[in-house]
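Protein chains in written order, with the working numbering: chain A, 1000 to 1111; chain B, 794 to 909. Backbone N, C-alpha and C fix where the C-beta goes; we use that ideal spot for every residue, glycine too. Here the structure comes first, spelled out in structure tokens, and everything after it is commentary.
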């Protein structure tokens, strides 16, 4: 069964800190992996997409890495801001037919 | 493009009634996904389509749930009859097929369903 685990489930840090969110997946036969952000009561916003052939992808203060062989991905957020407070979801897409599976998310709170 | 459009945004219905959720994917996208999100179970994939054809409906919880995609620009998720435990936020998403690596998926704003 394809499962995605995100650690920690919740994280609260003061503004300005650099932080790392972790994601692990049981089936390494992925096509790509996306990181999403979800604000309370809202839809999902795609942050970064890493293809299976890539090792990392950067967008502004965000950097996502992918180690397909070990089934792990990390999302690094530099110089965190209160506006980064949201739930972050890891979602690998599987080669069997583009099936996207979600982790349970990390609820991030940045304290001013 | 306006993105993935879902309607209605909110739906409150009585137990036993039929509920139909609607989705318009991004033009040109080949894949369409229906997800359900609850506090207890997170985001669950219910069904997805490729070029209007259902590929995997193993996530559909019961026969009360059905989904159709009559054309490339419209899909429906129907629950008949609805039950209180169906209360959740239902998301539709779409993506473009560019094998061997697919492009990112874009999500609609969701439909919050409450069955009383």
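- Within the region 818–836 of chain B, those residues whose Cβ lies closer than 7 Å to any Cβ of chain A are, in chain order, 824, 826, 835, 836.
- Here residue 846 (chain B) is actually not in contact with residue 816 (chain B); their C-beta atoms are around 16 Å apart, not less than 8 Å.
- Here residue 1037 (chain A) is buried, its C-beta having at least 16 other C-beta atoms within 10 Å.
- Relative to residue 1110 (chain A), the option among A:1074, A:1085, A:1056 whose CA is nearest is A:1085.
- In this structure, DSSP gives residue 823 (chain B) a state outside helix and strand, which the three-state scheme calls coil.
- Between the region 1086–1093 of chain A and the region 1010–1026 of chain A, the count of C-beta pairs closer than 8 Å reaches three or more; the two stretches touch.
- In terms of beta-carbon proximity, residue 1045 (chain A) lines the interface with chain B, with at least one pair separated by less than 8 Å.
- According to DSSP, residue pairing for residue 1063 (chain A) in a beta bridge involves A:1056, A:1074.
- An exposed status is given to residue 873 (chain B), since fewer than 16 other beta-carbon atoms sit within 10 Å of its beta-carbon.
- Residues 1019, 1021, 1064 of the same chain have their beta carbon placed closer than 6 Å to that of residue 1073 (chain A), with the five preceding and five following residues left out of the count.
- Excluding the 5 residues flanking it on each side, residue 1015 (chain A) has same chain C-beta neighbours closer than 7 Å at 1078, 1079, in chain order.
- Below the 7 Å Cβ cutoff, chain A contributes 1033, 1045, 1048 as neighbours of residue 897 (chain B), in chain order.
- Residue 838 (chain B) and residue 811 (chain B) have their C-alpha atoms spaced approximately 21 Å apart.
- Cβ atoms of residue 1103 (chain A) and residue 1011 (chain A) stay farther apart than 8 Å, at about 17 Å.
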